[in-house]
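Engineer: Top to bottom, those sequences are chains V and Z.
Read in numbering that gives the first Met the number 0, the first sequence has 134 at position 135, and its numbers run on one by one without any break.
Read in numbering that gives the first Met the number 0, the second sequence has 333 at position 334, and its numbers run on one by one without any break.
Idealized CB from N, CA, C, for every residue including glycine.
Take a look at this one; I'll ask things after.
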Amino acid sequence: MGQELLKKTYPVHGRNFDKAGEAATEIKQLLKELGLDAALIHRAVVVAFEAEMNVVMYASEGTVTLVLTDDDIQLEVADRGPGIADIALAMTEGYSTATNEMREMGFGFGMGLPNIKKNSDVFHIDSVVNTGTTVSSVIRLDSSA
Amino acid sequence: MRICPTKAIRVREGKAQLLPDLCIDCGACLRACPSGAIHATTRSFAEIDKYRYKVALPSPILFGQFPLALTPAQVAAGLGRCGFDVVCDFSAELALVNRAVRDFVDQWHGPYPLLSIWCPVVVRLVQVSYPRMVDQLIPIQAPRELAGRTVKQRYSQELGIHRNEIAAIYITPCQAKTVSIRAPAEGGRSNLDGALGISDVYNDILALARPAEKTAGGPALPSFSCGAEMLRWSTSEAQGRVLSRHRYMSVTGLGNVIQVFNDVEKGKLRNIEYLECYACRGGCANGNLTVDNVYVTLSKIHRLLANLPESDPALEAEVERRYPQEDFSLAAPVRPRGIESQRCDLKERVRWVKRQEALIEALPGLNCGLCGAPTCATFAGDVARGAARLARCVFFSDERLRELRDTYLRRCKPPPDD
């Protein structure tokens, strides 16, 4: 475990499509100011954005927490929401429980969780049905894209 | 200072300074500068005169700048009389590039969307702020560059002179293209030898467009016909016509482009194949070296287009003939522009960011600009990095207030008596 340098928490509101993606944008700006490699920033932004969208689409509220250590970028996205009954199924590319309405808005292609995993060096998901879900992702600073 | 979209301007001792790493050549400052202190890097006729043969390549926007009573042929004639040997229409190059784009989009397998590179500000923005997206910039020469190559080849053959004796001068709607001619984003050398702003030649063209009125004689210029392809390109959705069967999108205005690029960066908009983007709202007709209003210009261009036939068989034949032989590739791929000054220890940078956040809380948030930075947040960043002292803020220093009075009140008249 590297030494923690910086920790930030961004609130995310469920069903608020108007503000959806703002946490990811702020994280991108912060990481850019910190002069991190563009490929790392890109991966972190994709992870933050996809996880943030999941909160917006399914949960009532949640948080995106960014922890920067001298070894890695850690992102934890926790929500209070319906939870995921079958995590293995949810991890399948193309599987989605999005409503038609969400699909019309351009979301719900079933790529969110697989994309998060693909862009993480360490990926973990915890969920309790009717309580909430926590997605954790670690991107190592010395890893390449 | 505040107009700068990348916050690249600071005012020191009453003068504007530029942080070159942050500048994307958008020219917003040029449009806004109250004292006219910021100039475009256009050429002068004196510089162009040293060439033996001078070719003007007018941006299609030029023809929408004048009263409709002046035909494109008269505008071109006026431009020629300003000091060119010939004025060239480059409809063929535009059509060739359109086809090259279509074929490139067809064979591209991602990442999507591909981005147009005709606007140098967009290219620079990607290099500075979206380095991951440089590979999505479509690697096809801009029509103006292709036209520069064509006219040099053509006239060096026809006249038997060296291509270096021929000046290919672009008549530009914006200063950004002058910068891209001086220093192309991909490196290498431009096929053009410089640019004159539309506003630089506007009055002369008005005066010289109708020769019968004033200037009798003078060298006869080859006749000029402005093709529909030229006029079509002036609209910001020019390529929608060519890419009608593709998933195409057009974006104009730097703020909109940034919003859309942010989405692209997050992995949205992957279903768009080609994004045509321009930093000026409404496209090049709104360039900062144009004269007429963007909407008036576009309306006039539509009127001019209405008088031209839909198709041009001669042009189509030329495109058919030339397309297989033309090389559209860039000299080199466009690479990100590394911001050198940002390379330092991560822990140090974390300290900067934390200090900046603490300073933002401490500053009044009025964005008065008296410190010389455009916003309190920018100033906080400058102070955190050691690039400015907190005492530049008038809220923290009476001395600073006195200094500003000395600098600025000296330029002013005393207030009137009541």
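For Ala84(V) and Leu268(Z), I'd like the C-alpha separation in whole angstroms.
Structural biologist: Their Cα atoms are separated by approximately 30 Å.
Engineer: Can you give me the Cβ contacts of Lys213(Z) inside the same chain, cut-off strictly under 8 Å, excluding the 5 residues immediately before and after it?
Structural biologist: Below a pLDDT of 50, predicted positions are generally treated as unreliable, and Lys213(Z), at 48, falls in that range; no measurement from the model is reported.
Engineer: With a CB to CB cut of under 8 Å and the five nearest residues on each side skipped, what residues in its chain are close to Glu325(Z)?
Structural biologist: Excluding sequence neighbours, Glu325(Z) sits near Leu95, Ala99, Leu145.
Engineer: Could you work out which residue in Leu67(Z), Ala39(Z), Cys367(Z) is closest to Cys25(Z) when comparing CA atoms only?
Structural biologist: Among Leu67(Z), Ala39(Z), Cys367(Z), the Cα nearest to that of Cys25(Z) is on Ala39(Z).
Engineer: Whose C-alpha, out of Asp120(V), Thr132(V), Tyr57(V), is nearest the C-alpha of Arg42(V)?
Structural biologist: Measuring from the Cα of Arg42(V), the nearest candidate turns out to be Asp120(V).
Engineer: By Cβ distance below 7 Å, which residues in the same chain neighbour Ser340(Z) in space, the five residues on each side in sequence not counted?
Structural biologist: Any reading at Ser340(Z) must be qualified, since the residue scores a pLDDT of 47, below 50, and its modelled position is unreliable; no value is offered.
Engineer: Given Ala390(Z), which residues of its chain have a CB within under 8 Å of its CB, disregarding the five upstream and five downstream residues?
Structural biologist: Cβ neighbours of Ala390(Z) beyond the five flanking positions: Ser396, Glu398, Arg399.
Engineer: Grouping DSSP H, G and I as helix and E and B as strand, with all else coil, what is Ser340(Z)?
Structural biologist: Annotation note: pLDDT 47 at Ser340(Z) (below 50); position unreliable, coordinate value reported separately. It is helical.
Engineer: I want to verify the contact list: residues of chain V whose CB lies under 9 Å from the CB of Lys49(Z), in sequence order.
Structural biologist: Those do not exist, as Lys49(Z) stays about 43 Å from chain V at its closest Cβ, beyond 9 Å.
Engineer: Counting beta carbon pairs with one atom in the segment 165 to 174 of chain Z and one in the segment 308 to 320 of chain Z, are three or more of them shorter than 8 Å?
Structural biologist: As far as the Cβ criterion goes, the segment 308 to 320 of chain Z does not touch the segment 165 to 174 of chain Z, which means the pair count is below three.
Engineer: In three-state DSSP terms, what is Lys7(V)?
Structural biologist: Here Lys7(V) sits in strand by DSSP.
Engineer: When you check each C-beta in the segment 351 to 366 of chain Z against every C-beta of chain V, which residues fall closer than 9 Å?
Structural biologist: The segment 351 to 366 of chain Z vs chain V, Cβ under 9 Å: Trp351, Val352, Lys353, Gln355.
Engineer: Return the chain-ordered list of same chain residues with a C-beta closer than 8 Å to the C-beta of Asp48(Z), the five sequence neighbours on each side being excluded.
Structural biologist: For Asp48(Z), where only same-chain residues beyond five positions count, the Cβ hits under 8 Å are Gly82.
Engineer: Going along the chain, which unbroken runs of the beta strand (DSSP E) with 3 or more residues stay wholly within the segment 65 to 126 of chain Z?
Structural biologist: With a minimum length of 3 residues, no continuous beta strand (DSSP E) run stays inside the segment 65 to 126 of chain Z.
Engineer: Count the other CB atoms within 10 Å of the CB of Tyr154(Z); is the residue buried (16 or more) or exposed (fewer)?
Structural biologist: Flag for Tyr154(Z) reads buried.
Engineer: Taking DSSP as the reference, what is the three-state secondary structure of Thr130(V)?
Structural biologist: Reduced to three states, the DSSP call for Thr130(V) is coil.
Engineer: Any C-beta of chain Z sitting closer than 9 Å to the C-beta of Phe16(V)?
Structural biologist: No, no contact with chain Z.
Engineer: With 16 as the cutoff for other CB atoms within 10 Å, does Cys411(Z) come out buried or exposed?
Structural biologist: Looking at its Cβ environment, which holds fewer than 16 other Cβ atoms inside 10 Å, Cys411(Z) is exposed.
Engineer: Would you give the residue range spanned by the beta strand (DSSP E) that Gln73(V) belongs to?
Structural biologist: Here the beta strand (DSSP E) through Gln73(V) covers 71 to 79.
Engineer: If you compare alpha carbons, which of Leu93(Z), Tyr273(Z), Val349(Z) is closest to Phe327(Z)?
Structural biologist: It is Leu93(Z).
Engineer: On the three-pair Cβ rule with 8 Å, is the segment 53 to 65 of chain V touching the segment 2 to 13 of chain V?
Structural biologist: Segments in contact, yes.
Engineer: Report yes if the CB atom of Tyr273(Z) is closer than 9 Å to the CB atom of Val256(Z), and no otherwise.
Structural biologist: No, the Cβ-Cβ distance between Tyr273(Z) and Val256(Z) is not below 9 Å.
Engineer: Among residues of its own chain, excluding the 5 on either side of Asn261(Z), which ones have a beta-carbon nearer than 7 Å to its beta-carbon?
Structural biologist: Answer for Asn261(Z): no residue qualifies.
Engineer: Measuring straight from C-alpha to C-alpha, what distance separates Pro119(Z) and Ala357(Z)?
Structural biologist: Those two C-alpha atoms are separated by around 37 Å.
Engineer: Excluding the five sequence neighbours on either side, which residues of its own chain have a C-beta within less than 8 Å of the C-beta of Gly82(V), listed in chain order?
Structural biologist: Ser126, Val127, Val128, Asn129, Thr130, Gly131, Thr132, listed in sequence order.
Engineer: In terms of alpha-carbon separation, which member of Val121(Z), Thr41(Z), Asp88(Z), Cys32(Z) lies closest to Pro335(Z)?
Structural biologist: Here the closest residue by C-alpha is Val121(Z).
Engineer: Evaluate Asp105(Z) with the Cβ neighbour count: other Cβ atoms within 10 Å of its Cβ, from every protein chain shown; 16 or more gives buried, anything less gives exposed.
Structural biologist: Asp105(Z) should be labelled exposed.
Engineer: Going by C-alpha to C-alpha distance, which of Leu29(V), Asp78(V), Gly1(V), Gly105(V) sits closest to Arg350(Z)?
Structural biologist: Minimum Cα distance to Arg350(Z) is reached at Leu29(V).
Engineer: Could you run through the segment 233 to 264 of chain Z and flag, in chain order, every residue whose CB is less than 9 Å away from some CB of chain V?
Structural biologist: Those would be Asn261, Asp262, Glu264, in chain order.
Engineer: What ranges does the alpha helix (DSSP H) occupy inside the segment 260 to 306 of chain Z, keeping only unbroken runs of at least 4 residues that lie completely in it?
Structural biologist: If we require 4 residues or more, the alpha helix (DSSP H) runs fully inside the segment 260 to 306 of chain Z come out as 293 to 305.
Engineer: State the beta-bridge partners of Tyr169(Z) as determined by DSSP.
Structural biologist: Bridge partners of Tyr169(Z): Leu56(Z), Ala194(Z).
Engineer: Closest to Pro363(Z) by C-alpha separation, out of Ala166(Z), Thr374(Z), Arg354(Z), would be which residue?
Structural biologist: Checked all of Ala166(Z), Thr374(Z), Arg354(Z); the closest Cα to Pro363(Z) is Thr374(Z).
Engineer: Based on the DSSP output, what are the partners of Gly61(V) in its beta bridges?
Structural biologist: Answer is Val11(V), Asp78(V).
Engineer: Could you give the residue range of the beta strand (DSSP E) that holds Ser249(Z)?
Structural biologist: Taken as a continuous stretch (DSSP letters only), the beta strand (DSSP E) holding Ser249(Z) covers 247 to 251.
Engineer: Below 7 Å between beta carbons is the criterion; list the residues of the segment 35 to 59 of chain V that meet it against any residue of chain Z, in chain order.
Structural biologist: Going along the segment 35 to 59 of chain V in chain order, one finds Ala37, Ala38, His41, Val44, Val45, Phe48 with a Cβ nearer than 7 Å to chain Z.
Engineer: By the 10 Å Cβ neighbour count, where 16 or more other Cβ atoms means buried, how is Tyr57(V) classified, buried or exposed?
Structural biologist: Buried, since its Cβ has 16 or more Cβ neighbours within 10 Å.
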